[in-house]
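Presented below is the structure to which this report refers.
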């Protein structure tokens, strides 16, 4: 029996199919509780393309796919359950480098990246914002 997808996973599938509203996707991400692997007292992240990506998952099945590849062997992977809004509004800006949110990265045809741009993260953390003192704007 196939597990029902979360509302965020549904919105991601719509956008990947070329339909759906990008603003609705961001709104759904902000309202969703995401599972973020915890390692060494911090949250799992990876750097790619000059951006630090906080990795999060829409449900335990998506997290388990990731854990099979990157987990601590036969031990369960610790994780934090956080609202997407908290990740992009508090955690990402606190990293003091260009950072975004990567969702369901181990799900074939299901990953979605929320980059550090205006409308996703606060202007002080957005690489495309012209905010004095953020060191990231143009």
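Residue numbers (the working numbering): 66 to 203. From the three backbone atoms N, C-alpha and C, an ideal C-beta is built for every residue, glycine too.
Exercise. Which same chain residues, not among the five before or five after residue 148, have their C-beta less than 8 Å away from its C-beta?
Worked result: 95, 96, 97, 98 and 99
Problem set entry | DSSP state of residue 183 mapped onto helix, strand, coil | strand
Problem set entry | Backbone CA spacing between residue 73 and residue 162 [nearest angstrom] | 26 Å
Exercise. Does the Cβ-Cβ distance between residue 65 and residue 117 come in under 8 Å?
Worked result: This structure cannot settle anything about residue 65, because the visible part of the chain is limited to 66 through 203.
Exercise. Three-state secondary structure (DSSP) at residue 153?
Worked result: helix
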